[in-house]
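Numbering (the working numbering), first residue to last: 99 to 256. Glycine residues also receive a C-beta, built at the ideal position from the N, C-alpha and C atoms. These numbers come from a predicted model, not from an experiment.
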Amino acid sequence: MRLICEICGEMIGEISLEGTASIPASPGDVNGKPAIEALRRPIKGSMVGSPDPFHGFPAPFDPSVTWEFMFCPYSNHTHRPFTATEEPKQLLTHKGMIDIPEREPILSEDEAQEAVTKPVEDAESPIRILRSLARQSRTQERERRAIHIAKRRKSDVK
Ligand SMILES: [Zn+2]
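Below, the structure is given as structure tokens:
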């Protein structure tokens, strides 16, 4: 998608919800294409790529800058490409305004460990299916034994 400046309407750069891989420059072609990081809040310079990588046009922002320092490259630092006065939640693109997705929360080491070791309660989970099969076969085994014992007792009585 192309990021459009809300103030001057210029096409500033390329943004991508999924992100793009880098394409190294090939021999005889000076234009490599650096990766574009997937668009997420809070936005960063590395999420906006060159508006014209084919002609070697540079990316509009330093990869490390945050929204406060993202000035429209056509504005000589007089405006940002969005009208939001705090961290923007939407950006103008050639497809209209789009929501910037939230970044997935980064888990702490403990939370990550818990997520890995916690028993899976998902109904589709193969572990759950195996566990419930094991439970069923244990129950059947107990029933078989109970019937067997009951039959033996009956025959003892006779
Ligand atoms: Zn502008």
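- When the five nearest sequence neighbours on each side are left out, the beta carbons in the same chain lying within less than 7 angstroms of the beta carbon of T164 are those of P140, K142, in order along the chain.
- M99 sits away from K187, with the two beta carbons spaced by 8 angstroms or more.
- The alpha-carbon of A244 is positioned some 12 angstroms away from that of R236.
- Under DSSP, R100 forms a beta bridge with E112.
- G117 is not a Cβ neighbour of P149, given a cutoff of 8 angstroms.
- The Cβ atoms of S144 and P156 do not sit closer than 8 angstroms to each other.
- Residue pairing from DSSP places E200 in a beta bridge opposite R139.
- For G154, the closest C-alpha among the options P122, R251, E202 is that of P122.
- Going by C-alpha positions, I113 is about 5 angstroms away from V146.
- Here F152 is exposed. Its C-beta has fewer than 16 other C-beta atoms within 10 Å.
- With a contact defined as Cβ atoms closer than 8 angstroms, E108 and F180 miss out at about 13 angstroms.
- Going down the chain, each residue whose beta-carbon is closer than 6 angstroms to a heavy atom of ligand 1 shows up: C103, I105, C106, E108, C170, Y172, S173, H177, P179.
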